[in-house]
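Everything below concerns the one structure shown next.
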Amino acid sequence: MPDSSRRIVIKCGTRLVTTPTGLNDVFISDIAQQISEVREMGTQVALVTSGAVAAGRTIAPMSGDALVTRQVLAAVGQAPLMTQYAEKFGNKGIVVAQALLSRADLAHRSGYLNARNALNGLLDADILPVANENDVVATEELRFGDNDALSVLIAKLIGADRLCILSSVGGLYTGDPTTDPHAELIRDAGKVPREDLERMAGEASEGGSGGMRSKLQAAFEAMADGIDVVIADGNESDVIIRLARGESLGTSISALGPIRSSRARWLSSSLGQRGEIVVDSGAQHAVVHDGSSLLPAGITKIQGVFERGDLVGLVNPHQEVFARGLVNYDSKNLANIAGRPSSEIFSTLGFSYGDEVVHRNNLVVMDRLDEKNG
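Here the sequence shown is numbered in this note's numbering, starting from 2 and rising by one per residue.
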């Protein structure tokens with residue numbers, strides 16, 4: 002990883018920001034001091050915070066985890082949460098701005114660009130964005146999940162060099178460190194096969210609605226978009242300052258290549274995905290390794306309902322999304338030409354929008370490690 006970062010995103014989970022009795026004033030004061038010092042180094046910072054629901058639970062007499070309960074608790078807890086941030090950062094001469102986002106807000110390209118412009122505007126004005134999921138309007142199907150996915154999205158929106166996911170544990174371990182005395186910290190995730198990392202993350206113990214598996218999935222998405230990621234213990238002394246200086250802490254997941262363009266970063270996200278196109282292994286190889294467009298001949302199945310111009314996922318025979326792109330045919334018409342050569346599109350449909358189902362210019366491969374291995 003580079004020794005310094007021009008823009009970084011810091012994500013703080015619920016267990017760090019709150020205690021059983023309310024907000025963790027000591028922790029919030031500490032990160033305000035650290036972020037103040039990092040900003041003085043010339044690094045721009047965006048903060049992603051959890052904790053509104055947990056804060057609300059200490060104020061409102063409600064129990065359970067039903068959707069409406071979470072919405073009510075978030076509405077109650079968001080105000081005191083932001084009040085704490087405004088006070089602690091204000092003591093350091095830093096103005097903070099609340100940014101409540103939902104997947105629905107960002108599903109369309111226009112909403113994505115509006116959010117990007119607003120966040121970049123805040124950073125350019127030397128204001129600290131404090132982002133959180135808008136739990137008041139989020140549904141179960143469209144939630145980010147303890148903000149791990151949201152932190153990646155914020156990093157994409159502002160073109161961050163690095164994402165620092167602060168957790169209540171020191172990073173990703175070979176086992177559950179709370180029950181396995183032989184569990185070892187994985188310093189460099191790039192040296193461990195991906196399937197082993199996913200297994201270890203599933204075994205790990207980490208609180209919040211995301212858990213370690215969620216953090217690892219977020220890291221995979223970020224690194225494919227050219228963003229370095231580190232998962233570290235948020236309670237470690239001066240962790241943010243040390244990470245900003247390039248010190249090796251926690252688990253590092255290095256970017257697979259240079260940061261992608263804004264449009265490619267939006268395409269790679271699942272925010273606006275309307276459906277999926279299942280393809281055979283030959284079509285996958287052509288898209289990933291040969292840089293080809295997706296043609297109808299390699300399509301085996303259509304999943305979901307979508308219109309022409311919608312964002313869709315390309316799925317391999319193992320049901321893994323390996324690419325995303327803008328589709329040239331709606332799901333109904335695509336079902337009629339799936340498996341056929343492009344030369345039969347006009348005779349089958351009576352019209353043609355071109356030989357490609359998803360053109361290479363409107364497509365992005367999810368895992369650039371596959372591209373490298375091609």
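Every residue, glycine too, gets a C-beta built ideally from N, C-alpha and C.
Looking only at DSSP bridge pairs, what is residue i linked to?
{"i": "Q35", "result": "Answer by DSSP bridge pairing: none, since Q35 is not bridged."}
{"i": "T252", "result": "I232"}
{"i": "V366", "result": "A324"}
{"i": "K216", "result": "For K216, which the question treats as bridged, DSSP gives no partner whatsoever."}
{"i": "Q99", "result": "V131"}
{"i": "L315", "result": "I278, A324"}
{"i": "I11", "result": "L48, C165"}
{"i": "V359", "result": "L295"}
{"i": "Q392", "result": "Because residue 392 is not part of the residues shown, which for the chain are 2 to 375, the question remains open."}
{"i": "Q304", "result": "E277"}
{"i": "T19", "result": "L24"}
Quick one: what does DSSP say residue i is sitting in, helix, strand or coil?
{"i": "D299", "result": "The sequence as given places Gly at residue 299; Asp does not occur at that position. Looking at G299 - three-state DSSP - the assignment turns out to be helix."}
{"i": "R243", "result": "helix"}
{"i": "P29", "result": "For the sequence presented, residue 29 should be read as Ile rather than Pro. Helix at I29."}
{"i": "N133", "result": "strand"}
{"i": "L257", "result": "coil"}
{"i": "E142", "result": "Low confidence applies here, because E142 scores a pLDDT of 49, under 50, leaving its location unreliable; read the following figure in that light. Of the three classes helix, strand and coil, the one that applies to E142 here is helix, per DSSP."}
{"i": "L24", "result": "strand"}
{"i": "R309", "result": "coil"}
{"i": "R200", "result": "helix"}
{"i": "K93", "result": "coil"}
{"i": "G347", "result": "The amino acid occupying residue 347 in the given sequence is Phe; Gly does not appear at that position. Three-state DSSP puts F347 in a helix."}
{"i": "Y86", "result": "helix"}
{"i": "E237", "result": "coil"}
{"i": "F352", "result": "coil"}
{"i": "A339", "result": "coil"}
{"i": "L272", "result": "coil"}
{"i": "S262", "result": "coil"}
{"i": "N329", "result": "coil"}
{"i": "K373", "result": "In this predicted model, K373 has a pLDDT of only 41, less than 50, meaning its place in the structure is not dependable enough to derive any value."}
{"i": "E207", "result": "Legend: pLDDT at E207 = 49, less than 50; position of this residue unreliable, value from coordinates given subsequently. If DSSP states are grouped into helix, strand and coil, E207 belongs with coil."}
Am I right that residue i and residue j are in contact with their C-beta atoms under 8 Å? What's the rounded C-beta distance?
{"i": "L120", "j": "I159", "result": "5 Å"}
{"i": "L315", "j": "L295", "result": "6 Å"}
{"i": "A105", "j": "G78", "result": "Contact doesn't hold; Cβ gap of about 21 Å is too wide."}
{"i": "S269", "j": "M201", "result": "Going by Cβ atoms, the distance from S269 to M201 rounds to 25 Å, so no, they are not a contact pair."}
{"i": "A298", "j": "G251", "result": "Incorrect: roughly 46 Å between the Cβ atoms, too far for contact."}
{"i": "P81", "j": "A56", "result": "6 Å"}
Hey, is residue i's beta-carbon within less than 8 Å of any beta-carbon in chain C?
{"i": "D239", "result": "Going by chain labels, chain C is absent from the structure shown, which holds only one protein chain."}
Do the region 81-97 and the region 36-52 meet, that is, are 3 or more Cβ pairs less than 8 Å apart? The answer is yes - the region 36-52 touches the region 81-97, with three or more Cβ pairs under 8 Å.
Ignoring anything shorter than 3 residues or poking outside the region 148-190, list the beta strand (DSSP E) runs there in chain order. 163-168
Cβ pair count under 8 Å reaching 3, the region 268-277 against the region 242-250: no
Fully enclosed by the region 33-81, which alpha helix (DSSP H) runs are 4 residues long or longer? 53-58
Counting only runs of 4+ residues fully inside the region 101-131, write out the alpha helix (DSSP H) ranges in chain order. 104-107, 110-125
Using 8 Å as the cut-off, can you tell me whether the region 286-302 makes contact with the region 123-142, which would need three or more C-beta pairs spanning the two stretches below that distance? no
Would you call the region 342-351 and the region 302-310 touching, i.e. three or more CB-CB distances under 8 Å? They do not touch, by the three-pair rule.
Whether or not the region 215-222 and the region 148-167 are in contact is what I'm after, with contact meaning three or more pairs of Cβ atoms, one per stretch, closer than 8 Å; do they touch? yes
I'd like to know if the region 160-169 and the region 8-15 are in contact, where contact means that at least 3 CB-CB pairs between them fall below 8 Å. yes
Say whether the region 12-30 touches the region 75-91, bearing in mind that this needs 3 or more beta-carbon pairs closer than 8 Å, one atom from each stretch. yes
Mind the definition here: the region 221-232 touches the region 253-261 only if three or more C-beta pairs lie below 8 Å; say whether that holds. yes
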